[in-house]
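Here's the structure, in structure tokens; my notes come after.
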Amino acid sequence: MDFRRSTRRSLIKPILNDLSSTYPHELQLYNTTPNFEVSFADVEQSAIDRMVTSTSSGDDETDLLLRKRDHISHYILRLAYCTSEDKRRWFVAREVDLFRLRWMYLTPISRTKFLKLNNLKYDIVSDSEKEEFIKWSNGMIQLSGDYFKVPFQLVSELLRNRKVFLHKGIAFINNEDIISVITNSFRSSLAQYLAAYIIRKPVFLTVER
């Protein structure tokens with residue numbers, strides 16, 4: 013009997029279960045700081061893996077480890093780019109671009125799962141509301157498809173591009189444009205975290221000698 017193989021399987025299963033609960037989706041908002049030790053080898057490999065922009069909805073060992081390394085590398089780069097306003101601005105722009113690119117690879121089912129996991133709940137426009145506003149929307153609202161009600165402050169980019177119907181401070185956005193809401197929130201929170209990191213940076217860089 014191959015006891016080593018049985019032992020390895022018994023060890024891997026709880027590890028994978030833990031990773032699956034920590035990283036339930038291939039796309040992350042990075043709201044939680046990594047709470048585990050990271051070797052220098054992991055740092056290097058995580059930086060390399062971050063260049064992989066395609067996503068996978070699988071939950072096997074490889075996919076879960078990629079999600080973990082993506083988590084690690086994001087926070088490493090936060091430390092590297094928090095030292096000046098120019099660096100912070102550049103990093104936020106690149107992270108938002110990467111987020112958008114990864115979002116494009118998600119299936120509709122995976123996008124819905126992401127919204128639910130991150131408690132991004134927006135009221136859906138009813139059919140009667142669509143019928144009421146369709147004549148005033150200049151083609152921005154159609155009877156087919158889903159639309160969400162979002163405060164106009166969250167969709168400034170769509171407003172600038174005249175891609176959204178606005179009524180009494182509420183923007184009616186379709187399924188495809190929900191990404192603008194997510195990235196605006198992501199951009200704002202990341203910028204705030206980076207500004208705070210310059211004070212907390214020494215705490216994160218504690219190294220045993």
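Residue numbers for the sequence shown follow my numbering, so the first one is 13 and each next one is one higher.
No residue lacks a Cβ here, since even glycine has one placed at the ideal position from N, Cα and C.
Worksheet item: If you check the beta carbons only, do Leu41 and Leu118 fall under 8 Å apart?
Response: Within the sequence shown, residue 41 is the residue found at index 29, counting from 1. Within the sequence shown, residue 118 is the residue found at index 106, counting from 1. No, these two residues do not count as a Cβ contact at 8 Å.
Worksheet item: Going by beta carbon distance, what residues of the same chain come within less than 7 Å of His179, once the five residues before and after it are set aside?
Response: As a first step, residue 179 is located in the sequence shown; it is residue number 167 there, counting from the start. Correct list, in chain order: Phe145.
Worksheet item: Between Leu113 and Glu107, what straight-line distance do the alpha-carbon atoms span, to the nearest angstrom?
Response: Within the sequence shown, residue 113 is the residue found at index 101, counting from 1. Within the sequence shown, residue 107 is the residue found at index 95, counting from 1. The alpha-carbon of Leu113 is positioned some 10 Å away from that of Glu107.
Discussion item. DSSP three-state label for Asp109, please.
Written reply: As a first step, residue 109 must be located in the sequence shown, where it is residue number 97. Asp109 falls in the helix class under three-state DSSP.
Worksheet entry | Minimum C-alpha distance to Lys161 - residue among Lys147, Val137 and Ser149 | Here residue 161 is taken as the residue at index 149 of the sequence shown, counted from 1. Out of Lys147, Val137 and Ser149, Val137 has the C-alpha closest to the C-alpha of Lys161.
Worksheet entry | Residues that DSSP places opposite Phe177 in a beta bridge | Along the sequence shown, read from residue 1 onward, the residue named residue 177 stands at position 165. Looking at the DSSP assignment, Phe177 forms a beta bridge with Phe184.
Worksheet entry | 8 Å Cβ shell around Val167 - same chain, five flanking residues per side excluded | Stepping through the sequence shown from its first residue, residue 167 is reached at position 155. Correct list, in chain order: Val176, Ala183, Ile185, Asp189, Ser192, Val193 and Asn196.
Practice prompt. Have a look at Arg172 and Gln165 and give me their C-alpha separation to the nearest angstrom.
Written response: Start at 1 with the first residue of the sequence shown, and residue 172 comes out as number 160. Start at 1 with the first residue of the sequence shown, and residue 165 comes out as number 153. If you draw a straight line from the Cα of Arg172 to the Cα of Gln165, it comes to about 12 Å.
Worksheet item: Taking the C-alpha atoms as reference points, what is the distance between Ile211 and Glu97?
Response: Walking along the sequence shown from the start, residue 211 turns up at place 199. Walking along the sequence shown from the start, residue 97 turns up at place 85. Approximately 14 Å, taken between the alpha carbons.
Practice prompt. Give the DSSP-derived three-state secondary structure of Lys133 in the structure shown.
Written response: The residue given as residue 133 occupies position 121 in the sequence shown. Correct three-state label for Lys133: coil.
Fill in: Backbone CA spacing between Ile88 and Asn131 [nearest angstrom]
Mapped onto the sequence shown, residue 88 falls at position 76. Mapped onto the sequence shown, residue 131 falls at position 119. About 26 Å.
Worksheet item: Within this structure, are the beta carbons of Gly181 and Pro163 separated by less than 8 Å?
Response: Here residue 181 corresponds to residue number 169 of the sequence shown, with the count starting at 1. Here residue 163 corresponds to residue number 151 of the sequence shown, with the count starting at 1. Result yes, Cβ atoms of Gly181 and Pro163 sit closer than 8 Å.
Worksheet item: Roughly how many angstroms lie between the CA atoms of Arg17 and Glu49, to the nearest whole one?
Response: Here residue 17 corresponds to residue number 5 of the sequence shown, with the count starting at 1. Here residue 49 corresponds to residue number 37 of the sequence shown, with the count starting at 1. Confidence at Arg17 is low in this model, with a pLDDT of 44, below 50, so its placement is unreliable and no value can be given for it.
Worksheet item: Expressed to the nearest angstrom, what Euclidean distance is found between the alpha-carbon atoms of Glu143 and Asp109?
Response: Taking the sequence shown and counting its residues from 1, one reaches residue 143 at position 131. Taking the sequence shown and counting its residues from 1, one reaches residue 109 at position 97. Straight-line Cα distance between these residues: approximately 35 Å.
Worksheet entry | CB contact below 8 Å: Gln204 versus chain C | No chain C is present in this structure, which holds just one protein chain.
Worksheet item: Buried or exposed: where does Arg79 fall if 16 or more other Cβ atoms within 10 Å of its Cβ makes it buried?
Response: If you number the sequence shown from 1, residue 79 lands on position 67. By the Cβ-count criterion, Arg79 is buried, with 16 or more other Cβ atoms from all chains shown falling within 10 Å of its own Cβ.
Worksheet item: What residues match up with Pro120 in a beta bridge as DSSP calls it?
Response: Position 108 of the sequence shown, counting from 1, holds the residue named residue 120. According to DSSP, Pro120 bridges with nothing at all.
Fill in: Range of the contiguous alpha helix (DSSP H) that encloses Tyr87
Along the sequence shown, read from residue 1 onward, the residue named residue 87 stands at position 75. Looking at the DSSP string, the run of the alpha helix (DSSP H) that includes Tyr87 is Glu73 to Ala92.
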